[in-house]
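At position 103 of the sequence shown (counting the first as 1) the number is 102 in numbering that gives the first Met the number 0, and the numbers step up by one without a gap. All C-beta atoms in this analysis are idealised placements derived from N, C-alpha and C, irrespective of residue type, glycine included.
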Amino acid sequence: MSEKKEPSVWQGFKAFLMRGNVVDLAVAVVIGAAFTNIVNAVVKGIINPLVGAIGTKNLDHYSACLSSSCQGDQGIQILWGSVLGASLSFVITAAVVYFLMVLPMAKYLARQEARRKAREGTQEVIEVTELEVLKEIRDALVAQRGSGSSRP
0 MSEKKEPSVW QGFKAFLMRG NVVDLAVAVV IGAAFTNIVN AVVKGIINPL VGAIGTKNLD
60 HYSACLSSSC QGDQGIQILW GSVLGASLSF VITAAVVYFL MVLPMAKYLA RQEARRKARE
120 GTQEVIEVTE LEVLKEIRDA LVAQRGSGSS RP
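And the structure:
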């Protein structure tokens, strides 16, 4: 009898790498890393100066003191400015990604899907029409045979 040979670790690893979702994930990570530079440039070059026109560009220096004496690094300080700055940076980055990438891609995919459905709908109409024509031809042939067999 022939023995079943188990796949080697290398073959399993190769199969894992060749899966579609792993390759797609790798591409997404690379594109995401490259896109991070664009998003950071938009946030630093456009959004932060606009926020800076209203207040300040750097919120890291805002804090609250919990102890009686807060001078320099002494005392218990809550650095709420850095938390607010990071939160604003996240929200701004998410908005830029959504409005510049996600929303246009969703609209593009919706148009593509509508075109595909329209093509399928047209194809179904054509198939139904062809089916009806074939039925009519069949009925005509049956009628001809019926009238032909009644002749002497």
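Own chain residues within Cβ distance below 7 Å of residue i, not counting five before or after
{"i": "I136", "result": "none"}
{"i": "F15", "result": "V21"}
{"i": "I46", "result": "I91"}
{"i": "T121", "result": "none"}
{"i": "S68", "result": "G74"}
{"i": "Y61", "result": "W79 and G80"}
The alpha helix (DSSP H) enclosing residue i, as first and last residue numbers
{"i": "M17", "result": "V8 to M17"}
{"i": "S68", "result": "First-last for S68: undefined, no H or E at that position."}
{"i": "F89", "result": "W79 to V96"}
{"i": "V101", "result": "That residue, V101, is in no alpha helix (DSSP H); it is neither H nor E in DSSP."}
{"i": "G51", "result": "N47 to I53"}
Burial state of residue i (16 or more Cβ within 10 Å)
{"i": "L133", "result": "exposed"}
{"i": "L140", "result": "exposed"}
Own chain partners of residue i with C-beta closer than 6 Å, once the 5 adjacent residues on each side are dropped
{"i": "P151", "result": "For P151, the predicted model reports a pLDDT of 47, less than 50, meaning its position is unreliable and no value from the coordinates is stated."}
{"i": "L58", "result": "G80, L83 and G84"}
Cutoff 8 Å; reference residue i; Cβ partners in own chain excluding five residues on either side
{"i": "V42", "result": "S88, I91, T92 and V95"}
{"i": "V29", "result": "none"}
Identified DSSP bridge partners for residue i
{"i": "Q76", "result": "C64"}
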